[in-house]
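Residue numbers (the working numbering): 727 to 1160. Built from N, CA and C at the ideal position, the CB exists for glycine as well. These figures come from a predicted structure and were not determined experimentally. Shown next, in structure tokens, is the structure this report addresses.
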Ligand code: TYD
Ligand code: MG
């Protein structure tokens, strides 16, 4: 017999009147062993290394190229994939599309939804033109009931939407709480390993990360994917953060439309469509995301401020880096933006983590400050504290992607060379500060 804390899941062989794990003053409760767990009486199966074949032949392709690439070549039998993302970003839609494509090819997919009724899922599938009998729906909250249904149906894929809304019986705490999420996921991972049925768990994350979920499960699953992007509009980026069966840092791109998530084969063309470079404060940045070049538009607006403290608003970039660029512009290029309101954003709702964004941010800021348009130029480079501009990786790919979309003028350090922020601004066509 073990005893558990109902709020954090802390487990102890001894009963205690409070939880030493999280400090909860409520006493620990009896936690019977979960049914179906492997006992110590069973010996592990042992296989000589040379007799273990590759599993690549048994991979299940989802049929959606943007997903298969991120998965590193499809779903692996017995593997659990966690798909995280903010509510509304399109996780359920994307998985329903995967189910539809697989079912159209003759596979069966069990979609267990604790969030939506079967009628709601069916309505959406109908609208997406994906009503296939091979898509099996179960509106169910109890994780053991889901596992039992999957055990009977033996689908080619089990989807559980979402891991925060299913409940593991006999485990205390509310669904979505640490103990529940951890236990529900553990039972599903175990089912996947035993049966060979790949399992996809949907996990919601909120901006402040307050809901227990994806973060907690990253170590328990084989593959962690995140779907991110602007919920209102724009590109959705599917990323792999962990993949036991392939390379990480792969990205797949989608656009949410009337007919669900549409793959975007030419995201750069999509992102810079309509961009002319004839307004101040706009510059093209050929970013590299997971080795994939992606042209994005960096915009800046510098304006005299109206209130006592100047505003600083950064979207799609790391705020700390933008603040550093502002300080370097002040010190080394003598552009004093400290008393101005400053807004910087990446168009299209993308989150850019590429250090090469520093120079385009600097150029966009000065362009807005001086009210001078730049024309069609692309820029990249990492700006250091002493005003130097350093080369970043994949210079050739960046230049190639810019050229492919007709942006021929590039500003930034080439090769391993170094540049200075003052000189780079001049080469972008911006006059030095007086
Ligand atoms: P959803 O997949 O439910 O997001 P998640 O499961 O990540 O919470 O879908 C999110 C939004 O997408 C929802 O507000 C409705 C919208 N949507 C479309 O714009 N087009 C479509 O074809 C579908 C199915 C949904
Ligand atoms: Mg959903």
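| Asked | Found |
| --- | --- |
| Is residue 838 closer than 9 Å to residue 790 when the C-beta atoms are compared? | no |
| Would you list the one or two residues that DSSP bridges to residue 1027? | 1069 |
| Can you tell me whether residue 762 is buried or exposed? The criterion is at least 16 other CB atoms within 10 Å of its CB, across all chains shown. | With a pLDDT of 49 at residue 762, under the threshold of 50, the predicted position of this residue should be treated as unreliable, and no value is reported. |
| Hey, would you say residue 946 sits closer than 9 Å to residue 901, going by beta carbons? | no |
| How many Å lie between residue 875 and residue 864 at the Cα? | 8 Å |
| Bridge partners for residue 968 per DSSP, in chain order? | 950 |
| Among 895, 987, 1070, whose alpha-carbon lies nearest the alpha-carbon of residue 1029? | 1070 |
| What span of residues does the beta strand (DSSP E) with residue 1105 cover, start to end? | 1103-1105 |
| In this structure, how does DSSP classify residue 924 when only helix, strand and coil are distinguished? | coil |
| DSSP three-state call for residue 824: helix, strand or coil? | helix |
| Beta strand (DSSP E) containing residue 1114: first to last residue? | 1114-1116 |
| Let me check understanding here. Comparing Cα to Cα, which of 1153, 1062, 888, 829 lies closest to residue 787? | 829 |
| Less than 9 Å between the beta carbons of residue 1086 and residue 1047, yes or no? | no |
| So who's on the other strand from residue 801, going by DSSP bridges? | 786 |
| Return yes when at least one heavy atom of the ligand MG lies under 8 Å from the C-beta of residue 954, else no. | no |
| Where residue 768 and residue 907 are concerned, what is the direct C-alpha to C-alpha distance, given to the nearest angstrom? | 27 Å |
| Let me check you understand the geometry: is the CB of residue 843 closer than 8 Å to at least one non-hydrogen atom of the ligand TYD? | no |
| Grouping DSSP H, G and I as helix and E and B as strand, with all else coil, what is residue 1044? | coil |
| Can you grab the Cα-Cα spacing for the pair residue 1024 / residue 903, in whole Å? | 39 Å |
| Check whether the Cβ of residue 861 lies closer than 8 Å to any heavy atom of the ligand MG, and answer yes or no. | no |
| Nearest CA to the CA of residue 1236: which residue from 1003, 770, 963? | The structure shown does not extend to residue 1236, since the chain spans only 727 to 1160, so no value can be given for it. |
| For a test of the three-state rule: what should DSSP assign to residue 709, helix, strand or coil? | Past the edges of the chain, shown from 727 to 1160, lies residue 709, and the structure says nothing about it. |
| In the DSSP assignment, what residue or residues form a beta bridge with residue 982? | 987 |
| Which word fits residue 745, buried or exposed, when buried means at least 16 other C-beta atoms lie within 10 angstroms of its C-beta? | buried |
| Quick one: does the C-beta of residue 815 sit closer than 8 Å to a heavy atom of the ligand TYD? | yes |
| Just the C-alpha distance for residue 814 and residue 1060, rounded to the nearest angstrom, thanks. | 44 Å |
| Judging by CA-CA distance, which residue of 971, 835, 866, 868 is the nearest neighbour of residue 857? | 835 |
| Whole angstroms are fine: how far does the CA of residue 1153 sit from the CA of residue 1109? | 15 Å |
| For the beta strand (DSSP E) holding residue 847, just list the boundary residues, first then last. | Taken as a continuous stretch (DSSP letters only), residue 847 belongs to no beta strand (DSSP E), being part of the alpha helix (DSSP H) at 844-853. |
| When the Cβ atoms of the region 1072-1081 are set against those of the region 1001-1018, are three or more pairs found closer than 8 Å? | yes |
| Check residue 762 in the structure and name its three-state DSSP category. | Reliability of the predicted coordinates at residue 762 is poor, the pLDDT of 49 falling under 50, and the value obtained from them is presented with this limitation in mind. Of the three classes helix, strand and coil, the one that applies to residue 762 here is coil, per DSSP. |
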